[in-house]
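In order, the protein sequence lines correspond to chains A and B.
Adding 4 to a residue's 1-based position in the first sequence gives its number in this note's numbering.
Adding 4 to a residue's 1-based position in the second sequence gives its number in this note's numbering.
There are 2 protein chains.
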Amino acid sequence: MNARKGNLLYGQSGGPTSVINATAYGVITAALAREEIGLVYAMRHGIEGAIKGDLIPMNAVPKEKLELLKQTPGSAFGSCRHKMKDFTQDDSEYRKLLQVLKDHDIRYFFYNGGNDSMDTCRKIGEYLKHVGYECRLIGLPKTVDNDLVHTDHCPGFGSAAKYIANTIREISVDLDAYPTGKVTIVEVMGRDAGWMTASAALAEDGHGPDLVYLPEVPFFAEVFLADVKRIYQTRKRCLVAVSEGIRDADGALFDSGDTQMDAFGHTQLGGVSTRLADLVQRRTGLSSRGIELNLPQRCGVHFQSRTDVEEAVACGVAGVRFAVEGQTGVMVCMERLPGSEYHIGYVANPVENIANGVREIPRAMINIEGNGMTQAFLDYAKPLIQGEPQFLLENGFIRFYE
Amino acid sequence: MNARKGNLLYGQSGGPTSVINATAYGVITAALAREEIGLVYAMRHGIEGAIKGDLIPMNAVPKEKLELLKQTPGSAFGSCRHKMKDFTQDDSEYRKLLQVLKDHDIRYFFYNGGNDSMDTCRKIGEYLKHVGYECRLIGLPKTVDNDLVHTDHCPGFGSAAKYIANTIREISVDLDAYPTGKVTIVEVMGRDAGWMTASAALAEDGHGPDLVYLPEVPFFAEVFLADVKRIYQTRKRCLVAVSEGIRDADGALFDSGDTQMDAFGHTQLGGVSTRLADLVQRRTGLSSRGIELNLPQRCGVHFQSRTDVEEAVACGVAGVRFAVEGQTGVMVCMERLPGSEYHIGYVANPVENIANGVREIPRAMINIEGNGMTQAFLDYAKPLIQGEPQFLLENGFIRFYE
């Protein structure tokens, strides 16, 4: 029998995905089964709620209800985009948080998010070490953008990729209904890395995009227009997947005149597809249309990849194991095991190695022209979209945790 | 044993839906089983292909391949948006078509589309009667817009409604991730009638739209802004479903400055959500976002309603029965049978009664304020989105007919 060490607090941060709650499911069910862990709490709206002491007790939630977490998009416990100051400059929030941790005897602190969230994790870890409060901090990966370093991929990406590839394929079939299809420019999320845009190429058998433009490759409007004209001449249609984050050779975002900043200083993007469609129409005379896939990319739970759901759960379970074994200040990472079959191992890497890093698409996964993906990308991404979950439905709707 | 009368030609026209090919499946399989009907052809790109003699023979297509029609979006045989002139003014296309019908001994002519297609059907029927060529003309309903008159609803609408309601619900959950959500304005297709926009309201349990604006109710920007502010004050979010076809009290489309016309003289819409989000941001200071659901509404086959698929097939089968029984110049219509359970009967109505009519949402299905739906609408629409098909998948993708 292992001695009880204390209670666990789990929080969600940043933009939701369609499987972040599957990771919550993994953490909560694994923690409830551990003798070392007493009570399990979730933060309401991430660190914002934790600082205010707004914790949701999880021990009494029925098992059947917890199961619904796996098929619920969004952030079941609420998320936030809160940037904590450095505690050496201003420790007021840290002191409030410490009091909440003490009040609830929290000895396991789990934070589920992207690189900004891992930075929050790192800061809290440093503060708790500084004041000598013993607590194990575990970061859990989550991002549709797939841009965290030191992990093969990120939970959330597989389902987003599946949504994007399937939707592109359906749009392609729709275009082909007419003898000549419009030049159709589909804008995909992804601020600094093109993983989501690239996943459009997973729609093969002639229903993929004719052209793909990524933030990793400098974008030249004249080359783009020539590409479109060339494709249209042979196919009498042109389907383009373009990242919201395309930039010129100097790294400036495409037509960045009307952009805004968010709390982390990231530029808020959007509207690229409409502007490109307008450019094509003006310069080539070809009838054009912009489609922004927008929010459904990250909340389209119907397109969950079963592989993604299972891995998201496994990340949560691995995090609990690492914490109980004594690790702290680490994020759960996925490692692709060698061999011809797809297998993933779960390892721990220090959060400071992950915070604020960005993993771009390797050049070898992009074709020489810089307007499409290579087989290396398809080999990498295909396993991530495999399998469909069995959903619990009610009256034509997937049941959500609430 | 019934005497063979001749061959059958089936065509698709207008914008695709996610179940138009299910109707094709119904026609083709029912026709192949009939002794009265010999060969079965499909027009490539609708009447455009028929005039050129571009016919696809269907008799040799394997049964397993035909089954895939039920889960294929777009127009499997190609569609068109071709407006035929009146034959009294110019009969050149009609004469070409007549020759193709004679060459292939076509005695059953099936045309699958919306009200423009029924008008094409009517014109061809009048011409063939005029020249004394015996051929039975059957119209088959198809439109995501659900705006055909003399039918309870249209195949294609149930699946589009299911896509819209599920997507709105997922967006709602995504908004609720943060303590305060953006004012989010979701733009839905629907040129003259608000059925598709209204179907957003099917997402109940707190995840529906807070406000719904339809072409049926005059749109006043000031009332809209007051509605948004009121909702935001209590809910700290505001989710709006708005039709691309909203218009002012004089019937002018909202901000119609940058609109274009299609071949039928219909205005090409879009961009309303972005313009409204901009208006909200400027006038209220609330952070706002526009989302245009765009093409996936009509091609999102993953959201097929099984009810819709089954009815789409049944329309095709009923059409073949009506034709063999001697009817001509009629469209297959759906009639909701009396009783507490949902049952549909299939009847025939003259195409001239349907061509160019538009069925708007009855006022009793819209709330008094004109910004939401009543129980009467929910009772009408709910049965149409029920059930999920069992899809044949391959590597994470639904298999398509091709």
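From the three backbone atoms N, C-alpha and C, an ideal C-beta is built for every residue, glycine too.
No experiment lies behind these values; they were computed from the predicted model shown.
Could you tell me which of B:Asn371, B:Asp123 and B:Ile365 sits nearest to Asp156 (chain B), measuring between CA atoms? Residue 156 (chain B) sits at position 152 when you count from the first residue of the second sequence. Among B:Asn371, B:Asp123 and B:Ile365, the Cα nearest to that of Asp156 (chain B) belongs to B:Ile365.
Which of the residues in the region 117–138 of chain B, read from start to end, lie with their CB under 9 Å from any CB of chain A? none
If we ignore side chains and look at the alpha-carbon of each, how far apart do Met265 (chain B) and Gly160 (chain A) end up? Here the question's residue 265 (chain B) lines up with position 261 in the second sequence. Here the question's residue 160 (chain A) lines up with position 156 in the first sequence. With a pLDDT of 46 at Met265 (chain B), under the threshold of 50, the modelled position of this residue cannot be trusted, and the question is left open.
Please go through the same chain and pick out, in chain order, the residues whose beta-carbon is closer than 8 Å to the beta-carbon of Asn353 (chain A), but skip the five residues on each side of it. The residue given as residue 353 (chain A) occupies position 349 in the first sequence. Here the set comprises His154, Thr155, Val334, Met335 and Cys337.
Looking at the structure shown, is Pro387 (chain A) part of a helix, part of a strand, or coil, going by DSSP? The count along the first sequence starts at 1 and reaches residue 387 (chain A) at position 383. Helix.
Contacting positions in the region 34–50 of chain B - beta carbon closer than 7 Å to chain A: His49
Can you find a C-beta in chain B that's less than 8 Å from the C-beta of Lys166 (chain A)? In the first sequence, residue 166 (chain A) corresponds to position 162, counting from 1. At least one chain B Cβ lies under 8 Å of Lys166 (chain A).
Can you tell me the Cα-Cα spacing of Ala256 (chain A) and Pro219 (chain A), whole angstroms? The residue labelled residue 256 (chain A) in the question sits at position 252 within the first sequence. The residue labelled residue 219 (chain A) in the question sits at position 215 within the first sequence. Whole-angstrom Cα-Cα distance: 10 Å.
Roughly how many angstroms lie between the CA atoms of Gln331 (chain A) and Arg99 (chain A), to the nearest whole one? As a position in the first sequence, residue 331 (chain A) is number 327, starting the count at 1. As a position in the first sequence, residue 99 (chain A) is number 95, starting the count at 1. Going from the Cα of Gln331 (chain A) to the Cα of Arg99 (chain A) covers about 24 Å.
Which residues DSSP lists as bridging Cys242 (chain A), in chain order: As a working note, residue 242 (chain A) is residue 238 in the first sequence. BP columns for Cys242 (chain A) point to A:Val187.
So the alpha helix (DSSP H) Leu101 (chain B) belongs to, where does it begin and stop? Here residue 101 (chain B) refers to the residue found at position 97 when the second sequence is read from its first residue. Taken as a continuous stretch (DSSP letters only), the alpha helix (DSSP H) holding Leu101 (chain B) covers Ser96 to Asp107.
At what residues does the beta strand (DSSP E) containing Phe113 (chain B) begin and finish? For this step, residue 113 (chain B) is matched to residue 109 along the second sequence. Ile110 to Gly117 is the extent of the beta strand (DSSP E) around Phe113 (chain B).
Give the interface partners of Gly304 (chain A) over in chain B, defined as CB-CB distance under 8 Å, in chain order. The count along the first sequence starts at 1 and reaches residue 304 (chain A) at position 300. Ordered by position in chain B, the residues that pass the 8 Å Cβ test against Gly304 (chain A) are Thr171 and Glu174.
I'd like the span of the alpha helix (DSSP H) that includes Tyr167 (chain B), first residue to last. Here residue 167 (chain B) refers to the residue found at position 163 of the second sequence. Segment Phe161 to Leu179, the alpha helix (DSSP H) holding Tyr167 (chain B).
Among the residues of its own chain, which have a CB less than 8 Å from the CB of Phe224 (chain A), if the five just before and after it don't count? Here residue 224 (chain A) refers to the residue found at position 220 of the first sequence. So the qualifying residues of the chain are Asp252 and Ala253.
I'd like the span of the beta strand (DSSP E) that includes Pro145 (chain B), first residue to last. Looking up residue 145 (chain B) in the second sequence gives position 141. Unbroken beta strand (DSSP E) run through Pro145 (chain B): Arg140 to Pro145.
Which same chain residues end up closer than 6 Å to Ser50 (chain B) when comparing Cβ atoms and leaving out the 5 residues on each side of it in sequence? Position 46 of the second sequence, counting from 1, holds the residue named residue 50 (chain B). Per the sequence presented here, residue 50 (chain B) reads as Gly, with Ser not at that position. Excluding residues within five positions, the ones whose Cβ falls inside 6 Å are Gly15, Gln16, Ser17, Ser83 and Cys84.
Please name the residue, chosen from B:Gly210, B:Leu215 and B:Arg239, that lies closest to Thr201 (chain B) on a Cα-to-Cα basis. Residue mapping note: residue 201 (chain B) aligns to position 197 of the second sequence, counting from 1. With distances taken between Cα atoms, Thr201 (chain B) lies closest to B:Leu215.
Beta-carbon contacts of Gln308 (chain B) that lie in its chain and below 6 Å, excluding the five residues immediately before and after: Start at 1 with the first residue of the second sequence, and residue 308 (chain B) comes out as number 304. Within the same chain, Gln308 (chain B) has close Cβ partners Ser22, Ser163 and Pro393.
Using a Cβ-Cβ cut-off of 7 Å (strictly less than) and excluding sequence neighbours within five positions of Tyr29 (chain A), which residues of its own chain qualify? Position 25 of the first sequence, counting from 1, holds the residue named residue 29 (chain A). Cβ within range, chain order: Leu70, Leu73, Lys74, Val317 and Gly320.
For chain B, check one thing: does any of its Cβ atoms lie closer than 8 Å to the Cβ of Asn399 (chain A)? In the first sequence, the residue the question calls residue 399 (chain A) occupies position 395. It does; some Cβ of chain B falls within 8 Å.
At the 8 Å Cβ level, is Leu283 (chain B) part of the contact set with chain A, yes or no? As a working note, residue 283 (chain B) is residue 279 in the second sequence. False, the Cβ-Cβ gap to chain A never drops below 8 Å.
How many Å lie between Gly78 (chain A) and Pro20 (chain A) at the Cα? Counting from one through the first sequence, the residue named residue 78 (chain A) turns up at place 74. Counting from one through the first sequence, the residue named residue 20 (chain A) turns up at place 16. Computed Cα separation, rounded: 5 Å.
When you compare the CB of Asn11 (chain B) with every CB in chain A, is at least one pair closer than 8 Å? Taking the second sequence and counting its residues from 1, the one referred to as residue 11 (chain B) is at position 7. Taking Cβ atoms only, chain A never reaches closer than 8 Å to Asn11 (chain B), which makes this a no.
Nearest-angstrom Cα separation, counted from Pro145 (chain A) out to Pro213 (chain B): Sequence index remark: in the second sequence, residue 213 (chain B) carries index 209 (1-based). Sequence index remark: in the first sequence, residue 145 (chain A) carries index 141 (1-based). Going from the Cα of Pro213 (chain B) to the Cα of Pro145 (chain A) covers about 31 Å.
Which residues of chain A have a Cβ atom closer than 8 Å to the Cβ of Ile372 (chain B), listed in chain order? Taking the first residue of the second sequence as position 1, residue 372 (chain B) is located at position 368. By Cβ distance, chain A contributes nothing, its closest Cβ being about 26 Å from Ile372 (chain B), past 8 Å.
The alpha helix (DSSP H) with Leu59 (chain B) in it runs from where to where? Numbered from its first residue, the second sequence carries residue 59 (chain B) at position 55. Segment Leu59 to Pro61 is the beta strand (DSSP E) holding Leu59 (chain B); no alpha helix (DSSP H) there.
Just the chain B side, please: which residues come within less than 8 Å of Asp178 (chain A) by C-beta, in chain order? Position 174 of the first sequence holds residue 178 (chain A). Those are Pro20, Pro77, Gly78, Leu299, Arg302 and Cys303, listed as they occur along chain B.
Which same chain residues, not among the five before or five after Gln390 (chain B), have their C-beta less than 6 Å away from its C-beta? Here residue 390 (chain B) corresponds to residue number 386 of the second sequence, with the count starting at 1. The answer, listed in chain order, is Thr311.
If you check the beta carbons only, do Ser292 (chain A) and Val227 (chain A) fall under 8 Å apart? In the first sequence, residue 292 (chain A) corresponds to position 288, counting from 1. In the first sequence, residue 227 (chain A) corresponds to position 223, counting from 1. No, the Cβ-Cβ distance between Ser292 (chain A) and Val227 (chain A) is not below 8 Å.
Pick out whichever of A:His86, A:Phe326 and A:Tyr217 has its Cα sitting closest to the Cα of Ile372 (chain A). By 1-based counting over the first sequence, the position of residue 372 (chain A) is 368. If we check each option's Cα against that of Ile372 (chain A), A:Tyr217 comes out closest.
Taking C-alpha atoms, which residue in A:Val328, A:Asn360 and A:Arg403 lies nearest to Lys9 (chain A)? For the purposes of this step, residue 9 (chain A) is identified with residue 5 of the first sequence, where counting begins at 1. The shortest Cα separation from Lys9 (chain A) among A:Val328, A:Asn360 and A:Arg403 belongs to A:Val328.
Quick one, which residues of the region 75–107 of chain B are near chain A if we go by CB-CB under 8 Å, in chain order? Thr76, Pro77, Gly78, Ser79, Gly82, Ser83, Cys84 and Arg85
Residue span of the beta strand (DSSP E) that contains Arg367 (chain B), given as start and end: Here residue 367 (chain B) refers to the residue found at position 363 of the second sequence. Here Arg367 (chain B) belongs to no beta strand (DSSP E), and DSSP marks it neither H nor E.
Members of the region 376–391 of chain B near chain C, C-beta cut-off 8 Å: In the structure shown, chain C does not exist; the protein chains are A and B.
Can you tell me which of the three DSSP states Leu152 (chain B) falls into? Numbered from 1 along the second sequence, position 148 holds the residue referred to as residue 152 (chain B). Of the three classes helix, strand and coil, the one that applies to Leu152 (chain B) here is coil, per DSSP.
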